[in-house]
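Q: Got a structure for you, written out below as structure tokens; questions coming shortly.
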Amino acid sequence: MAFKKRKSLLTMRRRDALTGLLFFLPWLVGFFTLTAYPLLYSIYISFNQVVIKPGVIMFEEVGWAYYRQALMSDVEYPILLMNSVANVLVSTPMAVVFALLISLLLNNRFRGRAFYRMIFFLPVVIMSGPVMSELMKETSAMTLQIDMFGIVSLLRTTDSAWTGALFMFLNSFVRILWFCGVQTIIFLAALQKIDRSMYEAASIDGATVWESFWRITLPYLKPIILLTTVYTIIEIGTFSDDATNQRIVGSMRDITKPYSYSAALSWIYAALLLILIFIAFLVFNDWKEARWRRDAKRLEKERKRPR
Amino acid sequence: MQSVWKKSGSGRGKAKVRKLFLGNADKRGLLGNLCVYGILTGLGFVFIYPFIYMLSVSFMDTKDLVDSTVTWIPTWLSVESFYRAVHTLDFSNAMMDSLKMSILPALLQSASLALAGYGLGRYPVPLKKLWVALAVLVFLIPAQVTMIPRYLLFNSRGLIGTIWPTYFISLFGQGIKSSVFLLVYFQFFSTYPKSLDEAAQIDGAGRLRIFCRIAMPMAIPAAIVCFLFSFVWIWNDTTQIAQYSTGAATTLPMRLQMFTDRFNKLYSSASVSTGGALNESIRLAGTLLTILPLMMIYLVLQKQFVESIERSGITGE
Chain A
1 MAFKKRKSLL TMRRRDALTG LLFFLPWLVG FFTLTAYPLL YSIYISFNQV VIKPGVIMFE
61 EVGWAYYRQA LMSDVEYPIL LMNSVANVLV STPMAVVFAL LISLLLNNRF RGRAFYRMIF
121 FLPVVIMSGP VMSELMKETS AMTLQIDMFG IVSLLRTTDS AWTGALFMFL NSFVRILWFC
181 GVQTIIFLAA LQKIDRSMYE AASIDGATVW ESFWRITLPY LKPIILLTTV YTIIEIGTFS
241 DDATNQRIVG SMRDITKPYS YSAALSWIYA ALLLILIFIA FLVFNDWKEA RWRRDAKRLE
301 KERKRPR
Chain B
1001 MQSVWKKSGS GRGKAKVRKL FLGNADKRGL LGNLCVYGIL TGLGFVFIYP FIYMLSVSFM
1061 DTKDLVDSTV TWIPTWLSVE SFYRAVHTLD FSNAMMDSLK MSILPALLQS ASLALAGYGL
1121 GRYPVPLKKL WVALAVLVFL IPAQVTMIPR YLLFNSRGLI GTIWPTYFIS LFGQGIKSSV
1181 FLLVYFQFFS TYPKSLDEAA QIDGAGRLRI FCRIAMPMAI PAAIVCFLFS FVWIWNDTTQ
1241 IAQYSTGAAT TLPMRLQMFT DRFNKLYSSA SVSTGGALNE SIRLAGTLLT ILPLMMIYLV
1301 LQKQFVESIE RSGITGE
């Protein structure tokens, strides 16, 4: 009797798994045909020369030749690559910090909160490659034209590396801010989940607002900072008006080396972005909690063993 | 005696003033409020500065553009630039193309990802952790690397130059940033109370029916996030449609991309001499027209856009 019951349970579980798989199947099919296979295929292509003859496409293995060509003998690509990576490196911390700042301010209760939130999120909705490049091109729509007490014009007369960097910053300030809409909302959602009583307890113990920000808010937000940093790297790195991306798309139909060269270019860029993401992971991952979890797991195992 | 009174009186007054400016534990003072409003307004201004600039310049005519005394407010509202921009963009056709390429794909994507997220979150699908990990990994790898193989794949089926690639990609839930939505649904469906499903099952409802009648209505916030963001991201994307559907559909952002060429073709050299050359005003009018539909949608649905992110549990529990 008991045996029978168990067997029926098992089939029930199997049926559940099957139903789940059926629900999941469209995505799975799509994943293999439209994402996983193309990923592997593009690696394969980047190591082969594609020869297109009427009706057939043939491959000739060339090894690392295209990668070497992209990095060593391409006049343009390494510079584009450096610019894009530098752009990501500079913009990401700024976007994350501003997103955090804005969300901390918006987390207060005050009149007009929804209105401000609406403004800060607007760029996310309207931002597209062509719109961005139209706004950046020749017009001064994306550069602030406010000369604070003549300081900017005074600086403009002096010429050094520092002022150059400052102007680069000022010129791309609006653009970078426009990339932090989603992150702001994510931070805001996380901030609202922090237990208020923690702040109360801290303030009773004599902590100032400043101290409780560094000791409560920031540690709590650490995983969220990792999430938003990774999101920002992807968002800024793969934005379609980025010069490297345009080069990748542009060299797709290169007559002498169709597809392969573009695939190699895209993988070089992808590898660099993945390295940046990995660095972000190393910096923001909560190692303490990871260790704590691991220890908890080990203890659990040890406790179970004697039985 | 008197001095003590005075002292405490002025002390109370000071405390009042202090409370007014610096606030206390419950209420922020005037100074704090001023700070918050000041910083937010400053940053907000930076955010909408490009819009103000666009609005101002696109209503200027050629005379205002070169007049150095006119910086923000045009001498009169000239709609000449808009007229030309509408013409150059071929606005009504572009709008139809944009809608065609974004509404239905966004719907397909949110539906298929809902199914996938439900299956993954609610049922014991084998290798569950692996699929979730793969979805995250795919999000991390820039989409550009899959472009060529996808192109070759669609090309071998003769689908290049039609509207179908975007539809297929969405139908199978592999569109732009689709991993994010899959994770949102997965998160939602793995935390919602399963007893509701079980109750319906006892009442004799089939599994598909449970999904349609019970699970899905509860997942509406997640579905709204998925639909709205898919819609906006597909609308704003130019790479995918330009690669796979050239000729079949030319969306608004794509037309903005070739604005200069189109303009020069439409208004040939004859009109240039009479001050009809492409100028900043016309270009910004075109840009403004391109984002206008999205801005209108956003003004109506801004609450759904912003609040649904908060409610969708994207930040994890």
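In order, the protein sequence lines correspond to chains A and B.
Under the numbering used here, the first sequence is numbered contiguously, ending at residue 307.
Under the numbering used here, the second sequence is numbered contiguously, ending at residue 1317.
Beta carbons are placed, not taken as given, at the ideal position from N, Cα and C, and that holds for glycine.
Computed from a predicted structure; not experimentally measured.
For the ligand ADP, any of its heavy atoms closer than 7 Å to the Cβ of SER1110(B)?
A: With respect to small molecules bound, the structure shown includes none, and the ligand ADP cannot be examined in it.
Q: Please classify TYR231(A): is it buried, with 16 or more other beta-carbons within 10 angstroms of its beta-carbon, or exposed?
A: What you label residue 231(A) is simply residue 231 of the first sequence in a count that begins at 1. Buried: at least 16 other Cβ atoms inside 10 Å.
Q: Just to confirm before moving on: does the CB-CB distance between GLN1144(B) and ASN107(A) stay below 8 Å?
A: Position 144 of the second sequence holds residue 1144(B). Position 107 of the first sequence holds residue 107(A). No, they are not a contact pair.
Q: Name the two residues that bound the continuous alpha helix (DSSP H) containing ILE1039(B).
A: Taking the first residue of the second sequence as position 1, residue 1039(B) is located at position 39. Note, ILE1039(B): alpha helix (DSSP H), 1030-1058.
Q: Within 8 Å (strictly less), CB to CB, does ARG1150(B) reach chain A?
A: If you number the second sequence from 1, residue 1150(B) lands on position 150. It does; some Cβ of chain A falls within 8 Å.
Q: Which bits of chain A does THR1287(B) rub up against, with CB to CB less than 7 Å?
A: By one-based count along the second sequence, residue 1287(B) stands at place 287. Neighbours of THR1287(B) on chain A, chain order: VAL131, GLU134, LEU135.
Q: Spatial neighbours of SER1008(B) within its chain, please: CB distance less than 8 Å, with the 5 preceding and 5 following residues excluded, ordered by chain position.
A: Residue numbering aside, residue 1008(B) sits at position 8 when the second sequence is read from its first letter. Bear in mind that a pLDDT of 48 at SER1008(B), under 50, signals an unreliable position, so the number given afterwards is only what the model happens to contain. So the list is empty, once near-sequence residues are dropped.
Q: Out of curiosity, what's the CA-to-CA distance linking THR35(A) and LEU227(A)?
A: Numbered from 1 along the first sequence, position 35 holds the residue referred to as residue 35(A). Numbered from 1 along the first sequence, position 227 holds the residue referred to as residue 227(A). Rounded to the nearest angstrom, the two C-alpha atoms are 23 Å apart.
Q: Under the three-state reduction of DSSP, which class applies to ILE1169(B): helix, strand or coil?
A: Here residue 1169(B) corresponds to residue number 169 of the second sequence, with the count starting at 1. Correct three-state label for ILE1169(B): helix.
Q: Does the Cβ of TRP1005(B) have 16 or more other Cβ atoms within 10 Å, making it buried, or fewer, making it exposed?
A: As a working mapping, residue 1005(B) is identified with position 5 in the second sequence. Caution is warranted here: a pLDDT of 46 is assigned to TRP1005(B), below 50, making its placement in the model unreliable, and the coordinate value is therefore given only provisionally. Answer is exposed; the Cβ neighbour count stays below 16.
Q: With a CB to CB cut of under 7 Å and the five nearest residues on each side skipped, what residues in its chain are close to PRO1253(B)?
A: Your numbering for residue 1253(B) matches position 253 in the second sequence. These residues qualify, in order along the chain: ASN1236, THR1238, THR1290.
Q: By Cβ distance, which residues of its chain are closer than 7 Å to VAL50(A), with the 5 residues on each side in sequence left out?
A: Here residue 50(A) refers to the residue found at position 50 of the first sequence. Result list for VAL50(A): ILE57, PHE59, PRO258, TYR259, SER260, in chain order.
Q: Between THR1250(B) and chain A, is there a C-beta pair that is closer than 8 Å?
A: On the second sequence, residue 1250(B) is found 250 positions in, with the first residue counted as 1. Not an interface residue.
Q: Out of ASP1203(B), LYS1063(B), ALA1114(B), PRO1124(B), state which residue places its alpha-carbon closest to the alpha-carbon of ALA1223(B).
A: Position 223 of the second sequence, counted from the first residue, corresponds to residue 1223(B). The candidate whose alpha carbon is nearest that of ALA1223(B) is ALA1114(B).
Q: Suppose you measure from the CA of PHE47(A) to the CA of LYS53(A); what does that come to, to the nearest Å?
A: Position 47 of the first sequence, counted from the start, is the residue given in the question as residue 47(A). Position 53 of the first sequence, counted from the start, is the residue given in the question as residue 53(A). The alpha-carbon atoms of PHE47(A) and LYS53(A) are separated by roughly 19 Å.
Q: Please report the distance separating the alpha-carbon of THR92(A) from that of THR229(A).
A: Residue numbering aside, residue 92(A) sits at position 92 when the first sequence is read from its first letter. Residue numbering aside, residue 229(A) sits at position 229 when the first sequence is read from its first letter. One C-alpha to the other measures close to 7 Å.
Q: On the three-state DSSP scale, how would you describe ASN48(A)?
A: Numbered from 1 along the first sequence, position 48 holds the residue referred to as residue 48(A). Here ASN48(A) carries a strand assignment [DSSP, helix/strand/coil].
Q: When the Cα atoms are used, what is the spatial distance from TYR1151(B) to GLN1201(B)?
A: Working through the second sequence from its first residue, we reach residue 1151(B) at position 151. Working through the second sequence from its first residue, we reach residue 1201(B) at position 201. Roughly 44 Å separates the two Cα atoms.
Q: If you draw a straight line from the alpha carbon of ARG253(A) to that of ASN1093(B), how long is it in whole angstroms?
A: Against the first sequence, residue 253(A) aligns to sequence position 253. Against the second sequence, residue 1093(B) aligns to sequence position 93. Those two C-alpha atoms are separated by around 29 Å.
Q: DSSP state of PHE239(A), grouped into three classes?
A: Residue numbering aside, residue 239(A) sits at position 239 when the first sequence is read from its first letter. Coil, per DSSP.
Q: Relative to chain B, which residues along the stretch 92-107 of chain A have a C-beta separation below 9 Å, given in chain order?
A: PHE98, LEU101, ILE102, LEU105, LEU106
Q: Looking only at its own chain, which residues have a Cβ that is under 8 Å from the Cβ of MET12(A), when we skip the five neighbours before and after it?
A: Within the first sequence, the letter at position 12 stands for residue 12(A). Nothing meets the Cβ criterion.
Q: In terms of residues, what are the limits of the alpha helix (DSSP H) holding ILE255(A)?
A: Position 255 of the first sequence, counting from 1, holds the residue named residue 255(A). No alpha helix (DSSP H) holds ILE255(A); DSSP gives it neither H nor E.
Q: I want to verify the contact list: residues of chain B whose CB lies under 8 Å from the CB of LEU274(A), in sequence order.
A: Here residue 274(A) refers to the residue found at position 274 of the first sequence. Correct list: LEU1140, ILE1141.
Q: Quick one: measure Cβ to Cβ for LEU1284(B) and VAL1086(B), integer angstroms, because I've assumed they're closer than 8 Å.
A: Here residue 1284(B) is taken as the residue at index 284 of the second sequence, counted from 1. Here residue 1086(B) is taken as the residue at index 86 of the second sequence, counted from 1. No, LEU1284(B) and VAL1086(B) are not in contact; Cβ-Cβ is about 14 Å, not under 8 Å.
Q: Within its chain, find whatever has a CB closer than 7 Å to the CB of GLN1302(B); leave out the 5 residues flanking it on each side and keep chain order.
A: By one-based count along the second sequence, residue 1302(B) stands at place 302. Around GLN1302(B): no qualifying Cβ.
Q: What runs of the alpha helix (DSSP H), each 4 residues or longer, lie entirely inside the stretch 173-225 of chain A?
A: The qualifying runs are 181-191, 196-204, 209-212.
Q: Please state the DSSP three-state secondary structure of PHE59(A).
A: Along the first sequence, read from residue 1 onward, the residue named residue 59(A) stands at position 59. It is a strand residue.
Q: Taking C-alpha atoms, which residue in THR1062(B), TYR1244(B), LEU1107(B), LEU1040(B) lies nearest to ARG1157(B)?
A: Here residue 1157(B) corresponds to residue number 157 of the second sequence, with the count starting at 1. Cα-wise, what sits closest to ARG1157(B) is TYR1244(B).
Q: Compare the C-beta of GLY1247(B) against all C-beta atoms of chain A and say whether one is closer than 8 Å.
A: Position 247 of the second sequence, counted from the first residue, corresponds to residue 1247(B). Chain A contact via Cβ: absent.
Q: Using alpha carbons as the reference points, say which of CYS1226(B), VAL1225(B), ALA1199(B) lies closest to ARG1213(B).
A: By 1-based counting over the second sequence, the position of residue 1213(B) is 213. Residue ALA1199(B) is the option with its Cα nearest to ARG1213(B).
Q: Would you be able to state if there are at least three C-beta pairs under 8 Å between the stretch 1098-1115 of chain B and the stretch 1173-1180 of chain B?
A: With the cut-off at 8 Å, the stretch 1173-1180 of chain B and the stretch 1098-1115 of chain B touch.
Q: Taking 8 Å as the threshold (beta carbon to beta carbon), is ILE185(A) in contact with chain B?
A: Here residue 185(A) is taken as the residue at index 185 of the first sequence, counted from 1. Any Cβ of chain B closer than 8 Å to the Cβ of ILE185(A) would place that residue at the interface, and such an atom is present.
Q: Compile a chain-ordered list of the residues in the stretch 1199-1228 of chain B whose CB is closer than 7 Å to at least one CB of chain A.
A: Cβ contacts with chain A come from ARG1207.
Q: Would you say the stretch 177-184 of chain A touches the stretch 116-123 of chain A, given that touching needs at least three Cβ pairs under 8 Å?
A: Touching, yes, given that three or more Cβ pairs across the two stretches are closer than 8 Å.
Q: Name, in chain order, the residues that DSSP records as bridge partners for LYS53(A).
A: Position 53 of the first sequence, counted from the first residue, corresponds to residue 53(A). LYS53(A) pairs with VAL56(A).
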